[in-house]
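Comments concern the structure below.
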Amino acid sequence: MKARIIQSSLRLLVNMLICGLAATLAGQSYRSVYVIPRGLVELTKVIMTNSELVYFLTLSLAVTYFLTTGIVVFRKKRGWLTAQAGVEDTFSLIIASTLAVTFYFVGTEKNFSPNFFVSFLGLAVVLRLAWLIAAAALKSELRLAIGVFGSQLVRPFGLVTVFIGLLPGLLLVGYKKDRNIANIIHKTRRAISQSDKTPYFVKPLYADLVFEQPIEVEFDKSGRLFVLERIGKLFLVEGQEKQLLLDFTSEVGEVAVENGALGFALHPEFGKEDSSNSNRVFVAYTHWQDNILKNRLSEFLLPERNTPKKIEQTVLIEQTRKNDGYHNAGAVEFGPDGYLYVAVGEATDHKNHQQIDHALYSGILRIDIDNKASSLPIRNQPSGGKTAGYKIPSDNPFIQNEEALHEFYAIGFRNPFRMTFDRQTGKLWAGEVGNITYEEVDIVVAGGNYQFPYAEGPKVGAKPKDFIGNEKPPYFYYTHTALNRAIIGGEVYRGSRFNDLTGSYLFGDNYSGRIMAIPAEGQTWSDEAKTIALLPHLGQMGLTNLIEGPDGEVYMTSLGKGGSGTGRIWLLTKEKQAVNVKMADAGLEDQMPPHQMFKQYCSRCHGLNGMGKQEVSAALNVEMANFQNETWQAKSSKDYIAKVILNGGAKMGLNAGMPAWSNVLSSKQANLLAEYIKQKLPKALAGKEQKPGEEAGGQQ
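Counting in the numbering used here, the sequence shown runs from 1 upward without gaps.
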């Protein structure tokens, strides 16, 4: 009996050591070695965090332990070096390793690196077979071991092993070929890893009140709720009714890609009857007219009730930009000092990077809209733009630089879409939408340089030669994947309604719908963010704003389906509720014409002309498809293009950085978009050279 226990323990120990060694070696090699030949499948290099590698190692060891123990206990008595035992243990390790990989993929939302898992499975099988051969050779049973191995393959245990060993491949094929299977896997992953485990949930603030792409909500001092729609309308919501206060849709023009109304701020004395500032509101938006796209910051004086809603504006900042429409940022906030802070993106122009004497882009601006006596007049104008109607705070950090645009408060940003002040500490928090790899949370200080484009997340390159400001790394970052790809900065929660969230920075991800929390203390936060809730609206029709209201509630906005008025305002709650949000209400763009869908969903990486963007190719280290290329057109059918759009790159054996749009687009729309790429896009550009920023097919 004692001998059997020892032999059984040795068999278990060998399998666990092999499993652990395979995971360790794979974790060290997959970062630098493409285990999957790049000529066979082009994949973006996904780097798993140390905690994810440890999680998988623990998972694989646990599965190996229970499976091997079961084999040892329930199979016939075997010597630990016998051929029969070796074959059984080889099969059990194959099953255990495959099950661990399958569960990690289907049952979690952690980063999944195909290179790592192919490396792990290959090493586990090779090491176990090497041990089997060595043990058999030691006892002169090599021929016997081969015979046992072959005979076991056609028996039930062997057949089960073969099937389970092929399971990841079968799932991958099903994931590629059948949208229903893909949806089942996606739902399973969400159900296991998040949906039933989040401590909080969301519910609509209004059961029947919806909006046309609500981009942001704010409160005035009296607690009244204001909602800004992306199309260029501002509403006051009282009870279950909304009242239109401002309509500047004619100024906004076309709303597509990242264009439209972006953010707004009410003057600190807004609503105060004895103040001349009682009706002042400041709005950041994109202005489209005569095929020219501009970024604007404007002041509007809201009218009294029951007066015309279209009113005159004062344009404070106006700058011409590329027509592609990306990276506008647009957050507008009043600081504790009474000055107006404005977040501006880099507008997809490298000339705006690490510059304070060119244009008012790629940073955080700070201006005095009350024109105090202590402030300074505007001295310099931006290239391709004009400014007026405000003054410069005398303590702005670059005020001593005669050539600078003195509005700059901090620089080195790509797309700081949302920012807010912590009402307890006064710190300014920004969510920085990343490029290809990372999303960031930054604490903004005067004169700070937040490193873009030479650094992002933990990846730091060479500093610019003439460095400006004080280098500031991110407070927190997370990996930019197909699921998590656009951070929506939030608010430091200081309420008492949810005690476990007090002192946490709450934020979300536009694409995945995750609402997350991290501690808002210390210099950095290096652990994972805690997912506290999931928003039903996903993709680019998802989360756009997250704030804490004066009542302690946490409010969120999601765009919903463009053109149909299905955007919503949400509340964070601890009560689990069945939220009835149909897929058609969660981002399907039934009314959007194909040329606009291409601009909205494809042009970010493929360019408006469909020929690919060099900067994206360089970042992903892949060659982007050229839709204008005759060879590509000849080999790519409409059905194939539609499948790639819906399923994403990884499922189709292409670049894994291309997300699946099945949660945003219907099959009908994917086919319309594929038809446009296949037929109308080449014809629209035939015989002419497309100008930068010009839309294929013309502006409609």
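Cβ coordinates follow ideal geometry from the N, Cα and C atoms, glycine included.
How far does the beta strand (DSSP E) with residue i in it extend, from its first residue to its last?
i: P519; result: 514–519
i: M419; result: 416–421
i: A284; result: 280–289
i: K203; result: 201–204
i: I364; result: 363–367
i: N277; result: Here N277 belongs to no beta strand (DSSP E), and DSSP marks it neither H nor E.
i: N295; result: 292–301
i: K233; result: 233–238
i: Q354; result: It is not in any beta strand (DSSP E) - Q354 carries neither H nor E in the DSSP assignment.
i: E439; result: 438–444
i: A729; result: Any question about residue 729 goes unanswered here, given that the chain covers just 1 to 700.
i: N545; result: 543–548
i: F476; result: 476–479
Please report the distance separating the alpha-carbon of residue i from that of residue j.
i: E42; j: L646; result: Low local confidence applies: a pLDDT of 49 at E42 is under 50, so the model's placement there is unreliable, with the coordinate-based value given in what follows. Computed Cα separation, rounded: 18 Å.
i: G385; j: T531; result: 42 Å
i: K638; j: N435; result: 30 Å
i: E52; j: N111; result: 7 Å
i: G612; j: F116; result: 28 Å
i: Y339; j: M597; result: 39 Å
i: V460; j: Y454; result: 6 Å
i: A85; j: A23; result: 23 Å
i: L506; j: I317; result: 30 Å
i: G150; j: L17; result: 25 Å
i: P458; j: R11; result: 42 Å
i: P659; j: G649; result: 7 Å
i: A284; j: F66; result: 59 Å
i: I547; j: L127; result: 53 Å
i: K643; j: A62; result: 37 Å
i: R423; j: P214; result: 24 Å
i: T502; j: P336; result: 20 Å
i: T566; j: A388; result: 37 Å
i: I488; j: S504; result: 15 Å
i: W632; j: V118; result: 30 Å
i: C19; j: G653; result: 28 Å
i: K747; j: F452; result: There is simply no residue 747 to check, as the chain begins at 1 and stops at 700 in what is shown.
i: N609; j: K599; result: 10 Å
i: E254; j: N291; result: 10 Å
i: W288; j: L360; result: 19 Å
i: E528; j: L376; result: 44 Å
i: K272; j: I356; result: 37 Å
i: H406; j: D551; result: 37 Å
i: P473; j: E216; result: 27 Å
What residue does the alpha helix (DSSP H) around residue i start on, and which one ends it?
i: T387; result: Run containing T387: none in the alpha helix (DSSP H); it sits in the beta strand (DSSP E), 385–387.
i: V252; result: 249–252
i: I532; result: Counting along the chain, I532 falls outside any alpha helix (DSSP H), though it belongs to the beta strand (DSSP E) covering 530–534.
i: S731; result: No statement about residue 731 is possible, as the shown extent of the chain runs from 1 to 700 and does not include it.
i: A430; result: Counting along the chain, A430 falls outside any alpha helix (DSSP H), though it belongs to the beta strand (DSSP E) covering 428–432.
i: M597; result: 594–597
i: Y640; result: 638–647
i: W632; result: 630–635
i: A670; result: 667–675
For residue i and residue j, which I take to be in contact (beta-carbon distance under 8 Å), what is that distance rounded to the nearest angstrom?
i: F282; j: L297; result: 7 Å
i: N470; j: D509; result: With 8 Å as the limit, N470 and D509 do not qualify as a contact, their Cβ atoms being about 29 Å apart.
i: T479; j: Y450; result: Their Cβ separation, rounded to whole angstroms, is 18 Å, which puts T479 and Y450 out of contact at 8 Å.
i: F157; j: T573; result: Actually they are not in contact, since the Cβ atoms of F157 and T573 sit about 50 Å apart, beyond 8 Å.
i: G431; j: R414; result: The Cβ separation is near 11 Å, so there is no contact.
i: E299; j: Q313; result: 7 Å
i: L167; j: T90; result: Actually they are not in contact, since the Cβ atoms of L167 and T90 sit about 17 Å apart, beyond 8 Å.
Given that a residue counts as buried once 16 or more other Cβ atoms are within 10 Å of its Cβ, and exposed if not, what is residue i?
i: E630; result: exposed
i: W570; result: buried
i: D442; result: buried
i: N371; result: exposed
i: S222; result: exposed
i: K242; result: buried
i: N323; result: buried
i: V14; result: buried
i: N352; result: buried
i: Y640; result: exposed
i: R280; result: buried
i: F163; result: exposed
i: T328; result: Contrary to the premise, residue 328 reads as Asn rather than Thr in this sequence. It counts as buried.
i: S667; result: exposed
i: P416; result: buried
Pair every Cβ in the segment 227–238 with every Cβ in the segment 252–265, then say whether three or more of these pairs are closer than 8 Å. yes
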